[in-house]
Ligand SMILES: Cc1cc2nc3c(=O)[nH]c(=O)nc-3n(C[C@H](O)[C@H](O)[C@H](O)COP(=O)(O)OP(=O)(O)OC[C@H]3O[C@@H](n4cnc5c(N)ncnc54)[C@H](O)[C@@H]3O)c2cc1C
Ligand code: SF4
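Residue numbers (my numbering): 166 to 644.
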């Protein structure tokens, strides 16, 4: 284990520690139960090597899980790492933050038979962390550089995975990102206690060493138009994610200390990365000693409540208009938050933010579940005369994200978008309505998961390669 890793020691994601709000910050140092070799071996050998690997089918990358579990059980970690990397560009990230309960582990036959899943994510993380420690993970070495270049807009998991796959083939690749650091939501969205930032940074470092160029603080649409960027490259990938927060338009919305989730999380992540964050240091974006109300029931809301707990909030409450069974977030994350002392106010809807200058409370109405909607989820219905007030020094709005206004952002009306505002692509080729421009990740799917972004990035790389090869052949034919 490296020194840096020791700082965060591992939180065994299957068995979160019991925690209480109001403990000292030191109590929340992320001390993961060490997932040591013996435990990895024990877990790996629990795999029954069943004939139908449901885990593999339900992993979006179709990782060859049974085979790498077998290799890990036999102590052949270097081979296991090579196999893990053959289908996944960031296995150490997925091992940490995939909602395994909904993907591989939720479909493990041992879990289905009631004996508890093989902890696939933890083994994947263990194999890859070991590979990093041992120096088995090397930068890309290309045999010959191809004289064609690809511009990638967005350094999130979709953009990074696509860049790596194309660079391996030999293309010149440049990634443009409007943030000062690469990683997208891995760096400024997902909290440090779930995904330590050095894990992201060592990956992007490796890609740089492999010859991929990064242009940070570069916003396409501002620093250069989409058209101008297209002129510089033979193909482009748009992988810009979704960042427009869904609003709660309530009376009192403009009171101080009401923040969108990303503002709160970014400040906390920047602090974790050692940046000076004035609004955190002066207390504005710091939950310490405050009564915090988080509105929303998805994974972003869970990240906010758990971050507030770690900042020593006085109380942390989560308002959600449906009940626990109908929450969109991962059950594991909700259970973790509950164990850490977060109070969930189920079936409750905010009606008004109250205060004079700053927020001091939230008026809430009780809800009940009515008929199911088109997605099968039960619609929440207000209960008359059920209003009550809840004290709040800070409210965090975590209701999800939509795409930004893409035609306006890129000043380009030729890029066809869907009704939801996501970029429309040809599902086979991942090409947009503009030839030579491809798209992947959240900006195509809507807010999704890292593992899906990686898969999209890999598939886009394969399509871009096909496109570039054809372009080259056409050029030779025309000459
Ligand atoms: C708080 C939070 C927690 C999450 N937790 C999890 C989790 O635990 N597990 C999980 O699997 N998923 C999680 N997700 C979802 C996951 O992070 C995303 O699905 C994934 O990051 C999408 O990858 P992407 O590459 O499509 O976009 P992003 O990661 O959003 O990256 C897009 C990049 O594009 C850049 N960009 C945008 N516009 C421009 C422009 N005009 N010019 C240049 N650059 C631009 C951005 O700066 C950013 O770096 C979470 C999301 C959030 C918000
Ligand atoms: S990538 Fe995610 S879903 Fe696939 S095996 Fe790893 S943890 Fe499971």
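Idealized CB from N, CA, C, for every residue including glycine.
Three-state secondary structure (DSSP) of residue i
i: residue 220; result: helix
i: residue 567; result: strand
i: residue 383; result: coil
i: residue 639; result: helix
i: residue 308; result: coil
i: residue 406; result: coil
i: residue 196; result: In this predicted model, residue 196 has a pLDDT of only 42, less than 50, meaning its place in the structure is not dependable; the value taken from the coordinates is given anyway. Residue 196 falls in the coil class under three-state DSSP.
i: residue 607; result: helix
i: residue 483; result: strand
i: residue 177; result: Any reading at residue 177 must be qualified, since the residue scores a pLDDT of 33, below 50, and its modelled position is unreliable; no value is offered.
i: residue 315; result: strand
i: residue 421; result: strand
i: residue 378; result: strand
i: residue 186; result: Residue placement at residue 186 is poorly supported in this model, since its pLDDT is 49, which falls under 50; the coordinates are not used for a value here.
i: residue 339; result: strand
i: residue 258; result: helix
i: residue 352; result: helix
i: residue 392; result: helix
i: residue 167; result: Caution is warranted here: a pLDDT of 36 is assigned to residue 167, below 50, making its placement in the model unreliable, and the coordinate value is therefore given only provisionally. Of the three classes helix, strand and coil, the one that applies to residue 167 here is coil, per DSSP.
i: residue 325; result: helix
i: residue 426; result: helix
i: residue 588; result: strand
i: residue 320; result: coil
i: residue 629; result: helix
i: residue 624; result: helix
i: residue 619; result: helix
i: residue 361; result: coil
i: residue 634; result: helix
i: residue 596; result: strand
i: residue 415; result: coil
i: residue 401; result: strand
i: residue 273; result: coil
For residue j and residue i, believed in contact at Cβ under 8 Å, the rounded distance
i: residue 279; j: residue 265; result: Actually they are not in contact, since the Cβ atoms of residue 279 and residue 265 sit about 17 Å apart, beyond 8 Å.
i: residue 273; j: residue 220; result: 5 Å
i: residue 318; j: residue 338; result: Not quite, the Cβ-Cβ distance comes to about 12 Å (not below 8 Å), so this is no contact.
i: residue 246; j: residue 284; result: Residue 246 to residue 284, Cβ: 18 Å. No contact.
i: residue 607; j: residue 407; result: 5 Å
i: residue 658; j: residue 356; result: Given that the chain is displayed from residue 166 to residue 644, the structure contains no residue 658 and the question cannot be resolved.
i: residue 224; j: residue 269; result: 5 Å
i: residue 600; j: residue 586; result: Actually they do not touch by this definition, with Cβ atoms about 22 Å apart.
i: residue 595; j: residue 625; result: 5 Å
i: residue 554; j: residue 528; result: 6 Å
i: residue 438; j: residue 523; result: In fact, because the Cβ distance is near 28 Å, the residues do not count as touching under 8 Å.
Ranges of the alpha helix (DSSP H) found wholly within the region 206-253, counting only runs of at least 4: Here the runs fully enclosed are 219-223, 230-238, 242-252.
Those residues, in chain order, that have a beta-carbon closer than 6 Å to some heavy atom of ligand 2: Having a Cβ closer than 6 Å to some heavy atom of ligand 2 are 224, 226, 228, 230, 253, 259, 260, 263, 265, 268, 269, 285, 286, 289, 616.
Secondary structure, alpha helix (DSSP H): runs of 4+ residues fully inside the region 491-570: 496-504
Cβ contact check for the region 465-472 and the region 389-403: 3 or more pairs under 8 Å: no
Given 8 Å, three or more beta-carbon pairs between the region 530-537 and the region 485-503: yes
Sufficient close CB pairs (3 or more, under 8 Å) joining the region 333-352 to the region 368-383: yes
Contact between the region 395-409 and the region 319-334 (3+ Cβ pairs under 8 Å): yes
Minimum length 3: unbroken beta strand (DSSP E) runs contained in the region 433-479: If only uninterrupted beta strand (DSSP E) runs of at least 3 residues are considered, those enclosed by the region 433-479 are 456-460.
contact_flag[the region 513-526, the region 414-422] where n(CB pairs < 8 Å) is 3 or more: yes
Stretch-stretch touch, CB-based, cutoff 8 Å, three pairs: the region 554-566 with the region 451-466: The answer is yes - the region 451-466 touches the region 554-566, with three or more Cβ pairs under 8 Å.
Cβ contact (3+ pairs, closer than 8 Å) linking the region 447-455 and the region 365-374: no
Runs of alpha helix (DSSP H) wholly within the region 276-301 (minimum 4 residues, chain order): Within the region 276-301, the alpha helix (DSSP H) runs of at least 4 residues that lie entirely inside it are, in chain order, 285-299.
The region 248-258 in contact with the region 293-305 per 3-pair CB rule at 8 Å: yes
Stretch-stretch touch, CB-based, cutoff 8 Å, three pairs: the region 323-334 with the region 301-308: Yes: at least three Cβ pairs fall under 8 Å.
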